Amino acid sequence: MPTTPIYQVKADFFKTLGHPARVRVPEVLRGGERAVNELVPEVGIEASHLSQQLGVLRRAGLVQARKEGTSVLYSVSDPAIFELLDVARRILTSSLNETRALLAELASTEAEPARSKP
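Okay, so the sequence shown: first residue is 0 according to numbering that gives the first Met the number 0, each after it adds one.
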């Protein structure tokens, strides 16, 4: 029976995080479990759209839900997702710092007076 290569499994995992709301949800859940009505203003999308995105995250095993009374509370399934988000932030920060340095260098060279050719 053929097995799915690990690189495909990893690619599918990252596809799950390929939507801004599906990145934002774990960021918000870093503070602990939340009900959908608490997530809506934090994530910034309509409740129906958020429910769809939460379903994607649940099917991928990134979040879990539990019912309490009439509310469904969501939490992150594995706290390692926070480490992944932190690493992504560091990578992006490093890349942006390099871009900022290049822009500063470009701006300083444009500020130099044009040299006249002999």
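Note that CB positions come from ideal geometry on N, CA and C, so glycine has one too. Quick caveat, the model's predicted, so the values are computed rather than measured.
Opposing strand residues paired with residue i [DSSP bridges]
i, result
"Glu67", "Ser70"
"Arg33", "Tyr73"
Segment limits, alpha helix (DSSP H) that includes residue i
i, result
"Leu16", "Counting along the chain, Leu16 falls outside any alpha helix (DSSP H), and DSSP gives it neither H nor E."
"Ala59", "Looking at the DSSP string, Ala59 is not in any alpha helix (DSSP H), and its letter there is neither H nor E."
"Thr98", "79 to 110"
Exposed unless 16 or more other CB atoms sit within 10 angstroms - verdict on residue i
i, result
"Arg89", "exposed"
"Pro1", "exposed"
"Gln52", "buried"
"Val24", "buried"
"Leu38", "buried"
"Leu56", "buried"
Member of the options whose CA lies at the smallest distance from the CA of residue i
i, options, result
"Glu41", "Val22, Val55, Ala59", "Val22"
"Gly68", "Leu105, Ile44, Ala34", "Ala34"
"Arg29", "Glu109, Tyr73, Ser107", "Tyr73"
"Glu82", "Glu26, Phe12, Gln52", "Glu26"
"Ala59", "Gln7, Asp11, Glu104", "Asp11"
"Val62", "Leu16, Ser76, Gly43, Glu97", "Ser76"
"Ser70", "Ser50, Leu84, Asp85, Leu101", "Ser50"
Residue i to residue j span [Cα, whole Å]
i, j, result
"His48", "Pro78", "24 Å"
"Ala106", "Arg99", "10 Å"
"Asn36", "Pro4", "38 Å"
"Gly31", "Leu91", "25 Å"
"Ser94", "Lys66", "41 Å"
"Tyr6", "Leu16", "16 Å"
"Ile44", "Ala20", "8 Å"
7 Å Cβ cutoff, residue i in contact with chain B
i, result
"Val8", "The structure shown contains no chain B; it holds only a single protein chain."
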